[in-house]
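Trainee: Residue numbers (UniProt numbering): 1 to 145. Glycine residues also receive a C-beta, built at the ideal position from the N, C-alpha and C atoms. All of these numbers come straight from a predicted model, not from anything done at the bench.
(1) Which value, in whole angstroms, describes the spacing of the CA atoms of residue 124 and residue 82?
(2) Using the three-state DSSP reduction, which class does residue 86 fall into: helix, strand or coil?
(3) So is residue 134 buried or exposed if we call it buried at 16+ other beta carbons inside 10 Å?
(4) At which residues does the alpha helix (DSSP H) containing residue 133 begin and terminate?
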């Protein structure tokens, strides 16, 4: 009769392995949890390692996994800090872009420019000349007429 196998699967932890039932029961009765380190220890036992090394293998695998997870968390923190820094710089750049656009935008044209193509200075010059002309005309008419 063959060895009865027990399938151990935990999608959340990313664990899936088939273990001999007697080994599975032995681990559960010993109080070990189903962790990645336990699975790695089982895999090594299934490959032929001695049972006396089981706890050492499990601790070693747990330590490796914890170290990898801490490195991953550190990298995730760095990534989040960098992304917030990049977002801050993007906001700064966009505000500078709007300021530059305001400073370099062409001057607003006045309505006479659109009608006759003349500037505000030319309009004031024409108006002042007209007023001087009216003044001299009124003086001329008052004196001679």
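Mentor: Taking the geometry as given:
(1) Reading the chain shown from its first residue, position 124 is the one you call residue 124. Reading the chain shown from its first residue, position 82 is the one you call residue 82. Straight-line spacing of the CA atoms in residue 124 and residue 82 works out to 57 Å.
(2) Residue 86 sits at position 86 when you count from the first residue of the chain shown. Residue state, collapsed to three classes: helix.
(3) Here residue 134 refers to the residue found at position 134 of the chain shown. Flag for residue 134 reads exposed.
(4) On the chain shown, residue 133 is found 133 positions in, with the first residue counted as 1. Taken as a continuous stretch (DSSP letters only), the alpha helix (DSSP H) holding residue 133 covers 120 to 144.
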